[in-house]
Structure formats: structure tokens, C-alpha cells
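Colleague: Numbering (the numbering used here), first residue to last: 33 to 212. Glycine is no exception: its CB is placed at the ideal position from the N, C-alpha and C atoms. The structure displayed is predicted, hence computed values, not measured ones. Got a structure for you, questions after.
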Amino acid sequence: MISLGLEPEDEVICPAINFKASPLAVLGQGAKLVFCEIDPHTFNCDSADVERRITPNTRAIFPVHMNGLSAPMDDLLDIAERYPHPTHGPLKVIGDAARACGGYKETKIGKKGWMNVFSFHTMKLMTTLGEGGMITTDDPELAKMLRGIRQWGNEADTWGSSYKMTKVQASSRKCPIKSS
Ligand SMILES: Cc1ncc(COP(=O)(O)O)c(C=O)c1O
């Protein structure tokens, strides 16, 4: 959410069935949280309802890949292209992959969207001795910014703090996602 540079009038759409971590990330950056309905068969975002909730202030769609199943990323990316923000262009689609690391169509969860955020907490599918996480993206500018945020803004013109795993945690899980 930090990397979106959100303003108070900006809106981010999140599924109503969720863990509080993703809605709190939106509120933590001072933006407006907009809940969407879920598909009762998958517990994932209902993309038709996402489309209904888009306004000129929408900046991002933030689906959760629920309990092993991918969110409908192709549908959400299509919506993101069709409703660009007047200043920032196509909406960003950010996947919360804390609860799912499986496949999606011809690819894997983590590949589609601007970025996908994984959790390696003890209760999750992939764990690293307690706490940890990973972000996947194909956007080199975003990757540079995220590395900066992780390490006090070093090597990137950005605000930063310390969001690192210990080396032991980082080495306890091999990354299952190949980047292009
Ligand atoms: C959907 C979802 N997103 C985010 C999180 C938070 O992950 P972490 O504890 O690694 O920050 C959780 C944790 O339960 C979750 O279920």
C-alpha cells in the first residue's frame, strides 16, 4: 500500500470476506476502504461486484487468494484496464497470497497482477520459522522501491524502515515462483 502513494480520497477495493491484515493496510495508508462481495462458491472476489464499486477515485483492486484458490485475476486485470484512474492510469491489481500458493490457469498465483504479497507465518502454507513473507512482481521500478522500503530507503528514493527476515528464516524456504 505504501508503494501506491495513496491520498485520503483514494479508494482501494478489498473482498468483504478477508483477514483484517489487508483492509488494515489500506486504512494504515489513510485511504478509503471499499469492500466488495465475494462469490459464495469460491469465497473469492465477485468481479462483477468489483466493477460496480469502481469510481473515479479507485486506485487499486486488492483481492485475497482465498484458502488455496486464486482470485479471478484475469477478470480483475481486465476491469483494471477498462476503468483507468484519471491521473494514475490503469488500476493496480495487488493479490494477497497469504492463504494460497497454488496454480492459476497456465501459471501460478503470484504471477498475475502488479504484485502479490505472500505470508510465511506459521499458520500458512509456506512457513519460515514463525514470521516472514515475500512479494512477487515483474515491475522493476516497483521491485526497487520495495527493496528500498525493506531497508531504510537504501538504494531507492523512498521512505523506508526495516522489514527483513533473518537469514535463517529466509533460507528455510526456497521460493517456488520463477520470475520472468
Ligand atoms: C489473507 C491474509 N492476509 C495477510 C495476513 C497477514 O500475514 P502476516 O502475518 O504474514 O503479516 C494473513 C494472516 O493471517 C491473512 O490471512
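On the DSSP letters alone, give me the boundaries of the alpha helix (DSSP H) that Asp106 sits inside.
Modeller: 105 to 114
Colleague: State the DSSP-derived secondary structure class of Pro20, mapped to helix, strand or coil.
Modeller: This structure does not reach residue 20, given that the chain is present from 33 up to 212, and the question cannot be answered.
Colleague: In terms of residues, what are the limits of the beta strand (DSSP E) holding Leu157?
Modeller: Counting along the chain, Leu157 falls outside any beta strand (DSSP E), and DSSP gives it neither H nor E.
Colleague: Along the chain, which unbroken stretches of the beta strand (DSSP E) at least 3 residues long are found entirely within the region 117 to 184?
Modeller: Complete beta strand (DSSP E) runs here, min 3: 124 to 128, 147 to 151, 165 to 168.
Colleague: Figure out for me which residue from Ser193, Asp128, Ala92 has the closest Cα to the Cα of Glu113.
Modeller: With respect to the C-alpha of Glu113, the residue from Ser193, Asp128, Ala92 having the closest C-alpha is Ala92.
Colleague: Just to confirm before moving on: does the CB-CB distance between Glu187 and Arg179 stay below 8 Å?
Modeller: With a cutoff of 8 Å on beta-carbon distance, Glu187 and Arg179 are scored as near each other.
Colleague: Along the chain, which unbroken stretches of the beta strand (DSSP E) at least 3 residues long are found entirely within the region 65 to 96?
Modeller: 90 to 93
Colleague: List the residues that DSSP assigns as beta-bridge partners of Glu43.
Modeller: Lys64, Thr90
Colleague: Using a 10 Å radius around the Cβ and a threshold of 16 neighbouring Cβ atoms, would you call Phe150 buried or exposed?
Modeller: buried
Colleague: What's the gap between the Cα of Val58 and the Cα of Glu138?
Modeller: 30 Å
Colleague: Is any heavy atom in ligand 1 found nearer than 7 Å to the beta carbon of Arg131?
Modeller: yes
Colleague: Between which residues of its own chain and Gly201 is the CB-CB distance below 6 Å, once the five residues before and five after are set aside?
Modeller: Reading off the sequence shown, one finds Gln at residue 201, where the question assumed Gly. Within its own chain, the residues whose Cβ lies closer than 6 Å to the Cβ of Gln201, once the five positions on either side in sequence are excluded, are Thr160, Leu161, Gly164, listed in chain order.
Colleague: Below 8 Å on the Cβ atoms is my guess for Cys77 versus Ala103; work out the distance and round it to an integer in Å.
Modeller: 5 Å
Colleague: What is the C-beta distance between His97 and Ala129, in whole angstroms, given that I count them as a contact (C-beta under 8 Å)?
Modeller: For His97 against Ala129, the beta-carbon gap comes to about 5 Å, under 8 Å, which counts as contact.
Colleague: Measuring only the C-alpha atoms, how far is Gly127 from Thr169?
Modeller: So the alpha carbons of these two residues sit roughly 10 Å apart.
Colleague: Relative to the alpha-carbon of Pro118, which residue among Asp42, Met33, Tyr195 has its alpha-carbon at the smallest distance?
Modeller: Measuring from the Cα of Pro118, the nearest candidate turns out to be Asp42.
Colleague: Let's see if you can read the secondary structure: which residues bound the alpha helix (DSSP H) around Ala48?
Modeller: First-last for Ala48: undefined, no H or E at that position.
Colleague: Taking only three categories from DSSP, how would you classify Ser193?
Modeller: coil
Colleague: Suppose you measure from the CA of Thr74 to the CA of Ala48; what does that come to, to the nearest Å?
Modeller: 13 Å
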